[in-house]
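Residue numbers (our numbering): -6 to 186. Down below is the structure, laid out as structure tokens.
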């Protein structure tokens, strides 16, 4: 439950090169990668956040097998971008928070046409979905499992905007989503110039 180790927290710490427990954290990350190349977070509904931070953490590793893990994760990211930037703006495809984390993951990919193509697709989609006030729609979905739940992916009692354990919360004022998108667009702009 809440007191266990959570990959979405571990990847954030492991991305810091000066973190003293980094080697142990990288071991956890290696063991938590799913067969499709992504990582599941405990506190976040969408995998792109955890996957992007896992890629960032593994980028600083000297273990040669981590390159394959990163390549597998980048494939998952590019598949996501391709599937969710088809020009539609529906509840399913309009997840700017997730797409922003996809951009941040792609920034770690090796140079090449595929990287550039997917970055451009994601950036175009984000620019097209910006709201008139400059923000992006709320899409950072923080989940709060009941304290005893160890596998939030299989928990069935989620309540959107509920209170406490068993709820999924959106960033109501859009600031967390918008800040995440702006950081990603800034990074992509430097890459695409």
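Here a beta-carbon is modelled for each residue, glycine too, at the ideal position from N, C-alpha and C.
- If you draw a straight line from the Cα of residue 166 to the Cα of residue 89, it is about 14 Å long.
- The criterion of a C-beta distance shorter than 8 Å is satisfied by residue 4 and residue 32.
- Shown here, residue -5 sits in coil according to DSSP, grouped into three states, outside any helix or strand.
- Around residue 54, the same chain offers 19 as residues with beta carbons nearer than 7 Å, after the five sequence neighbours per side are excluded.
- Taking the C-beta atoms as reference points, residue 13 is found no nearer than 8 Å to residue 96.
- Annotation note: the stretch 70 to 138 contains the following uninterrupted beta strand (DSSP E) runs of length 3 or greater, listed N- to C-terminal: 134 to 137.
- Between the stretch 127 to 136 and the stretch 37 to 44 there are three or more C-beta pairs closer than 8 Å, enough to call the two in contact.
- The three-state reading of DSSP puts residue 160 in strand, counting E and B together.
- The beta-bridge partner set that DSSP reports for residue 37 consists of 135.
- The DSSP-derived three-state label of residue 165 is coil.
- Around the beta carbon of residue 116, 16 or more other beta carbons sit within 10 angstroms, so the residue counts as buried.
- Considering only 105, 131, 25, 159, the residue with the shortest C-alpha distance to residue 184 is 105.
- In the displayed model, residue 176 falls within a helix according to three-state DSSP.
- DSSP links residue 142 through a beta bridge to no other residue.
- When the five nearest sequence neighbours on each side are left out, the beta carbons in the same chain lying within less than 7 Å of the beta carbon of residue 91 are those of 39, 41, 132, in order along the chain.
- By the Cβ-count criterion, residue -3 is exposed, with fewer than 16 other Cβ atoms from all chains shown falling within 10 Å of its own Cβ.
- Judged by DSSP secondary structure, residue 13 falls outside any alpha helix (DSSP H); it is assigned neither H nor E.
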